[in-house]
Amino acid sequence: MSKLQVVVSHHDAEIAELRADRELAFACVKAAMQSLDDPDNRAAGLLALRTVAEAWGGLGAVAAEAGISREALYRALSPTGNPTLKTLLAVRKTVGLRLSIEPEHRAPG
C-alpha cells in the first residue's frame, strides 16, 4: 500500500507565504510597482500584484474596493492588463500600504 502525498501547487504555496509574512507582501508589492515602469517586466509585476491581492483579502474584496467587477480585476492584473490608478490603489489598500513617489535615479549627463 502506498502512502498518499499531499501536493501543494506553487501558486497556493506562494499565497500562503504572502499571507503569513506581511513584510514579504510589502516587498512584493513594492517590486511589482517598480516593474510596471519597465515594459519588459510589466507582465510579471501585474501578476505579482494579483498574487498579493489574492493573499490579502482576495480578488473579490479588491474588486469591490476599486468599484469594478472581479472579472475586470482579473483582466487588469493579467499579463496584458492595463490597470487604472483606482485599481492599483485598491490593491495597495488591501495590503495596507500607502502610495509614495520617489525620484528616479538617473546617471548625470
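Reminder that position 31 of the sequence shown reads as 34 in our numbering, one-by-one numbering, no gaps. Glycine included, every Cβ here is placed at the ideal spot set by N, Cα and C. These numbers were taken from a predicted model, which means no experiment stands behind them.
Could you check what DSSP says for residue i in three-state terms: helix, strand or coil?
{"i": "Gly63", "result": "helix"}
{"i": "Gly48", "result": "helix"}
{"i": "Arg109", "result": "coil"}
{"i": "Leu80", "result": "coil"}
{"i": "Leu100", "result": "coil"}
{"i": "Val10", "result": "coil"}
{"i": "Ser38", "result": "helix"}
In chain order, what residues of the same chain lie with their CB nearer than 8 Å to the CB of residue i, ignoring the 5 residues before and after it?
{"i": "Thr83", "result": "Ala46"}
Excluding the 5 residues preceding and the 5 following residue i in the sequence, name in chain order all residues of the same chain whose CB lies nearer than 7 Å to its CB.
{"i": "Glu57", "result": "Ile18"}
Tell me, to the nearest whole angstrom, how far the beta carbon of residue i is from that of residue j; I am working on the premise that it is less than 8 Å.
{"i": "Ala23", "j": "Ala34", "result": "No, Ala23 and Ala34 are not in contact; Cβ-Cβ is about 18 Å, not under 8 Å."}
Using CA coordinates, which residue listed in the options is at the minimum distance from residue i?
{"i": "Ile104", "options": "Asn44, Met36, Cys31 and Val9", "result": "Met36"}
{"i": "Arg101", "options": "Gly61, Val9 and Leu91", "result": "Leu91"}
Less than 6 Å between C-beta atoms, sequence neighbours within five positions excluded: which residues of the same chain meet that for residue i?
{"i": "Leu49", "result": "Leu80 and Gly84"}
{"i": "Cys31", "result": "Ala51 and Val55"}
Exercise for review: Flag this pair as touching only if the stretch 50 to 66 and the stretch 77 to 97 have three or more C-beta atom pairs under 8 Å; answer yes or no.
Suggested key: yes
Check your understanding: Looking at C-beta atoms only, is the number of pairs between the stretch 12 to 20 and the stretch 75 to 91 that lie closer than 8 Å three or more?
Key -> no
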